[in-house]
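A short write-up of the structure that comes next.
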Amino acid sequence: MQRRWLKIRKALLRLILPAVRALPPRTASRFVAGIGRAEYTFGRGLRVRFDGAVRRGAAHFGTSWDVAEVGRELAGNQIRWRTRDQLLDGLDDAGVAALFEVEGLEHLTAAQAQGKGVILLGNHFGAHLMPAHWLVRLEYPLRLFMERPNHVSQYLKQRFETEGPLGQKRLFISRKADPNEAAGSILRAGRVLKAGMIMLIAGDVRWEGGNTEEATFLGNTYQFSSTWATLAAITGAPVVPVFCRMLRDGTHRLEFLPGFNVPGSAVRQKQLGAYVQTCLDQVQERVRLSPENSNEYFFWDDPDDAEVVADRFRKSPSPQATGRRS
Amino acid sequence: MPDASLLGEVIEVIRDAGKVAPGVAIKPEQRLVDDLGIDSLDLVGVFLSIQDRYDVVIDDDDVPDLRRVVDLAEYVAKNRLRAA
């Protein structure tokens, strides 16, 4: 039932998005969030589920959030999050820029100056694809190292078609890749970094199999992909974490954190787990400060999602660390 | 089949970079992943070591075809000659 409703809602959202885009951009974002908030208010089942998830989060952090308020805002933001960057289609560059407050860009600039490319360490907090859209609009040499995301803006879709050895098209990876194909992907990614480009990789991807590290997140232990740390160690490229928070007024706060390097010895000395955990700790801290931007994190162990999770694993009989799961 | 000397060298690179235990015999027909248990990360290490040692560039499009020890040795032989 849960899955069926999610599918219907996704389809409805796709149908109405072109009309929503006709609204002023901030109003459009608020309108989309309003759908989620209305679902929370009028849908008892959904409200119970969100409140339960928020309570679990509050218990983990030992905080006393207003469960109803956080739950309502989270429901709204989850829908905004699901629209990815599609509300930005049709806006000119200045229109997009007006929707972002940016902090810490100097960290990205400093990392680029090292001349080894940059691993932009993303996550699924807040508006997780917005950093990519913002950077591409400003003509930063950005590539994504992940499965090809669905339902993104036409603007990004066009950029995804870039060909050639450093093109985006060949950088998308598949969770069905075998180790040889995965190794080829890592080599390709290494070449992109060597060319001085910025590569966005998510650091909070739960996965099974090789190239993973055990780490804790919101009080539970999972295996996470460590591909980003491996690439950083192999290539010497600095890592710059990035977060993008959805603000209530329909804008976004983009935050680049200070960069760091992963020494080559970290692979040999099996220290990648510490880097993976540090990345997750940074995500957890953002969740603590802005639980309404936590998207699906509080639902990771929600039994209602168990079927979805199991389905994802069924589709991935031989998972590789370079693939995405969450 | 590449010459025995090159094959022996490639096997040693595979053993070192692929972290194959010293007691395990590595044979030309063995598959790097399925038979020797090398994971994708260590496979990258193998390819990078091969590139450094023999001054060849392994095209990432060719990687899916480099499944056996002998495939890798033949690739080195072919591309080292081409480079020369």
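Residue numbers (the working numbering), protein chains in the order written: chain P, 1 to 326; chain H, 1001 to 1084.
Quick reminder that beta carbons are idealized off the backbone N, C-alpha and C, glycines included.
In this text the structure is predicted, and so the values were computed from the model without any measurement.
Residue i - containing alpha helix (DSSP H), residue span
i	result
H:Y1054	S1040 to Y1054
P:A68	V67 to R82
P:F50	R44 to F61
H:M952	With chain H represented from 1001 up to 1084, any question about residue 952 of chain H goes unanswered, as that position is not in the structure.
P:V267	S265 to R268
P:F160	Q154 to F160
P:G142	Reading the sequence as shown, one finds Leu at residue 142 of chain P and not Gly. Run containing P:L142: none in the alpha helix (DSSP H); it sits in the beta strand (DSSP E), L142 to L144.
P:V276	L272 to L289
P:V192	P179 to K194
Enclosing beta strand (DSSP E) for residue i [first to last residue]
i	result
P:F217	T212 to F217
P:S225	N220 to S225
P:R253	H252 to F256
P:I198	I198 to A202
P:F100	F100 to E103
P:G122	V118 to G122
P:P131	Premise fails: P:P131 lies in the alpha helix (DSSP H), M130 to R137, not in any beta strand (DSSP E).
Sequence-distant residues of the same chain with beta carbon closer than 8 Å to residue i, five excluded per side
i	result
P:R26	L99, D249, G250 and T251
H:K1027	V1069
P:E103	R253, L254, E255 and F256
H:E1029	R1068, V1069 and V1070
P:T221	E214 and A215
Assumed close pair residue i, residue j - CB separation to whole angstroms, cut-off 8 Å
i	j	result
H:S1040	P:A183	5 Å
P:N123	P:F243	7 Å
P:Q284	P:F217	7 Å
P:G76	P:G43	So it is not a contact: roughly 13 Å between Cβ atoms.
P:R286	P:F61	At roughly 12 Å, the Cβ-Cβ gap does not stay under 8 Å, so P:R286 and P:F61 are not in contact.
P:L231	P:G190	7 Å
Cβ neighbours of residue i in the same chain (closer than 7 Å, five flanking residues each side left out)
i	result
P:D311	Here P:D311 scores only 44 on pLDDT, less than 50, and its place in the model should not be relied on; the value that follows carries that caveat. Here the set comprises nothing.
P:R137	D93 and V96
P:P263	A233
P:A110	G259
P:T83	L13, L17 and V32
P:H107	V240, F256, L257, P258 and G259
Spatial neighbours of residue i in its chain, beta-carbon cut-off 6 Å, leaving aside the 5 residues before and after
i	result
P:K315	In this predicted model, P:K315 has a pLDDT of only 40, less than 50, meaning its place in the structure is not dependable; the value taken from the coordinates is given anyway. Correct list: empty, nothing qualifies.
H:R1067	R1031
P:A195	L166
P:L358	No information on residue 358 of chain P is available, as it lies outside the stretch 1 to 326 that chain P covers here.
Residues within the stretch 177 to 188 of chain P neighbouring chain H, beta-carbon criterion of under 9 Å: With the criterion set as a beta carbon lying under 9 Å from some beta carbon of chain H, the members of the stretch 177 to 188 of chain P are A177, D178, P179, N180, E181, A182, A183, G184, S185, I186, L187 and R188, in sequence order.
Contacting positions in the stretch 202 to 223 of chain P - beta carbon closer than 7 Å to chain H: Cβ contacts with chain H come from G210 and N211.
Cβ pair count under 8 Å reaching 3, the stretch 88 to 108 of chain P against the stretch 201 to 210 of chain P: Too few Cβ pairs lie closer than 8 Å, so no.
Proximal residues, the stretch 1029 to 1045 of chain H versus chain P, C-beta separation under 7 Å: So the list reads V1033, D1039, S1040, L1041, L1043 and V1044, given in the order they occur along the chain.
The stretch 104 to 121 of chain P touching the stretch 219 to 237 of chain P, judged by at least three CB pairs closer than 8 Å: Flag = yes, the stretch 104 to 121 of chain P and the stretch 219 to 237 of chain P touch.
Contact residues within the stretch 229 to 244 of chain P, judged by C-beta distance below 8 Å to chain H: Residues T230 and I234.
Three CB pairs or more closer than 8 Å across the stretch 43 to 52 of chain P and the stretch 66 to 73 of chain P: Three or more beta-carbon pairs drawn from the stretch 43 to 52 of chain P and the stretch 66 to 73 of chain P are found closer than 8 Å, and the two stretches are therefore classed as touching.
Stretch pair the stretch 1040 to 1049 of chain H + the stretch 1008 to 1017 of chain H: three plus CB contacts closer than 8 Å: Contact holds: three or more Cβ-Cβ distances are below 8 Å.
Stretch-stretch touch, CB-based, cutoff 8 Å, three pairs: the stretch 142 to 160 of chain P with the stretch 169 to 180 of chain P: Segment contact: the stretch 142 to 160 of chain P against the stretch 169 to 180 of chain P, three or more CB-CB distances shorter than 8 Å; contact assigned.
Residues, ordered as in the chain, of the stretch 1062 to 1084 of chain H that lie near chain P by beta-carbon distance below 9 Å: If you check each beta-carbon in the stretch 1062 to 1084 of chain H against every beta-carbon of chain P, the ones closer than 9 Å belong to D1062, V1063, P1064, D1065, L1066 and R1067.
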